[in-house]
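Just below is one structure, and these are the notes that go with it.
There are 2 protein chains.
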Amino acid sequence: MAIYTADSLKAELNDRGWRLTPQRETILHIFQNLPEGNHLSAEDLHTRLHEQGDPISLSTIYRTVKLMARMGILRELELAEGHKHYELNQPYPYHHHHLICVKCSKTIEFKSDSILKVGSKTAQKEGYHLLDCQLSIHAICPQCQRSLFPV
Amino acid sequence: MAIYTADSLKAELNDRGWRLTPQRETILHIFQNLPEGNHLSAEDLHTRLHEQGDPISLSTIYRTVKLMARMGILRELELAEGHKHYELNQPYPYHHHHLICVKCSKTIEFKSDSILKVGSKTAQKEGYHLLDCQLSIHAICPQCQRSLFPV
DNA sequence: CAGACTATTGAAGATGATTATCAATAAGCA
DNA sequence: TGCTTATTGATAATCATCTTCAATAGTCTG
Chain A
1 MAIYTADSLK AELNDRGWRL TPQRETILHI FQNLPEGNHL SAEDLHTRLH
51 EQGDPISLST IYRTVKLMAR MGILRELELA EGHKHYELNQ PYPYHHHHLI
101 CVKCSKTIEF KSDSILKVGS KTAQKEGYHL LDCQLSIHAI CPQCQRSLFP
151 V
Chain B
1001 MAIYTADSLK AELNDRGWRL TPQRETILHI FQNLPEGNHL SAEDLHTRLH
1051 EQGDPISLST IYRTVKLMAR MGILRELELA EGHKHYELNQ PYPYHHHHLI
1101 CVKCSKTIEF KSDSILKVGS KTAQKEGYHL LDCQLSIHAI CPQCQRSLFP
1151 V
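Just so you know, the protein sequences line up as chains A and B, in that order. Numbers 1 to 151, taken from this note's numbering, label the letters of the first sequence in order. Numbers 1001 to 1151, taken from this note's numbering, label the letters of the second sequence in order.
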């Protein structure tokens, strides 16, 4: 959960024997310029990159996003059925969690530093290297409670 | 997050115009008799049901497990890449969370009632009907920190 | 308790997000 | 500058999950 520049991204990649490519830098930029509360699926990213004149292939997008999640740069979110969303993994005090309607996927973000504390403490206690910690609240939103079918 | 018997399950299903079937009852039993800390994928369930002489079809398993998650009877867990796991959604003080290694998927469970409190309070404040609340800590376990490749 | 209504099941096929493959390209390093 | 090999893009493959539909069986009513 650090703040990345092209240089620090390059340093961290090179440290591991990997390379900084224009594609990786572009994708990082997209996430860094995303308004708070936004998250993108691989498909969303692909579309957006095309629109801004960077036709990065879907393969590369999937690989990059997975790589960055494994490095702790992005968070992988399960906000909807069937596909993942990604957002920047920001440190305190931007760190937040999600309240998700399991019927319509409407999502509300909220913050809680006590949760982040529990997360870091638990990881540390077990000797795990923390990448991300997120509280997911699965629930049914007021609108969907009114509609009976199905479930 | 209640404790279900065949009768209370039937009552809740019938309330919504649905039915209690032997398949649904059998699947609930499997989860109720699962040792603490175990969770099953759809495929796991299928195998286990076959072994105990209940050849329930995969379709029905997928449908049932999804239904029960929507009802708040089961929790849907993202413990490994590529497929979901399910476990009983138990109330306090059995309610727990997961610390997951993103490389090898080794999982450690831990409890925290402060998190459950944050979850219920947040859902209530927004008028959402709470089904499940889980803190997922994504991290790298001590063993995988030692192995360098890949990621 | 029988009959009607319709939710549910099982089998098979369809879907679609994500991965793997592989030749061509281009970072990073000596 | 050249070498090594990580990365890319296009394509095809994978595989968990969902759909479809005819047959079956819960639930409710009289």
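Even glycine gets a Cβ: it sits at the ideal position worked out from N, Cα and C. Values in this document were obtained by computation on a predicted structure and should not be read as measured data.
Report the residue from the options whose alpha carbon sits nearest the alpha carbon of residue i.
i       : options                            : result
T1107/B : E1081/B, D1113/B, S1114/B, K1121/B : E1081/B
G1119/B : E1109/B, F1110/B, L1131/B          : L1131/B
Q124/A  : G1127/B, I1100/B, K1125/B, Y1086/B : I1100/B
R1146/B : H50/A, E43/A, Y128/A               : Y128/A
Y1086/B : R1016/B, A1042/B, P1035/B, C1144/B : A1042/B
L1077/B : L1135/B, T1005/B, E1036/B          : L1135/B
Roughly how many angstroms lie between the CA atoms of residue i and residue j, to the nearest whole one?
i       : j       : result
Q1023/B : R1063/B : 11 Å
R1075/B : T26/A   : 37 Å
I30/A   : H1138/B : 23 Å
L88/A   : D1113/B : 28 Å
I1073/B : L116/A  : 27 Å
R1019/B : L1009/B : 9 Å
Q1052/B : H1039/B : 17 Å
A1011/B : T1021/B : 12 Å
K1066/B : P55/A   : 37 Å
C1144/B : N1014/B : 48 Å
P91/A   : R1016/B : 43 Å
L1049/B : N1033/B : 13 Å
K1121/B : E1036/B : 27 Å
I140/A  : D1044/B : 28 Å
I1061/B : L79/A   : 23 Å
E126/A  : E1126/B : 34 Å
V102/A  : L1028/B : 21 Å
Y4/A    : P93/A   : 16 Å
Using the rule of at least 16 other Cβ atoms within 10 Å of the residue's Cβ for burial, across every protein chain shown, is residue i buried or exposed?
i       : result
L1058/B : exposed
D1007/B : exposed
C133/A  : buried
P142/A  : exposed
A1069/B : buried
C104/A  : exposed
A1002/B : exposed
T47/A   : exposed
H95/A   : buried
F149/A  : With a pLDDT of 47 at F149/A, under the threshold of 50, the predicted position of this residue should be treated as unreliable, though the coordinate-derived value follows. F149/A should be labelled exposed.
L97/A   : Going by the sequence as given, residue 97/A is His instead of Leu. By the 10 Å Cβ count, H97/A comes out buried.
K111/A  : exposed
Helix or strand or just coil, what does DSSP make of residue i?
i       : result
D15/A   : helix
Y1062/B : helix
H1138/B : strand
H46/A   : helix
E25/A   : helix
D113/A  : helix
T5/A    : coil
K10/A   : helix
L67/A   : helix
I56/A   : coil
K125/A  : helix
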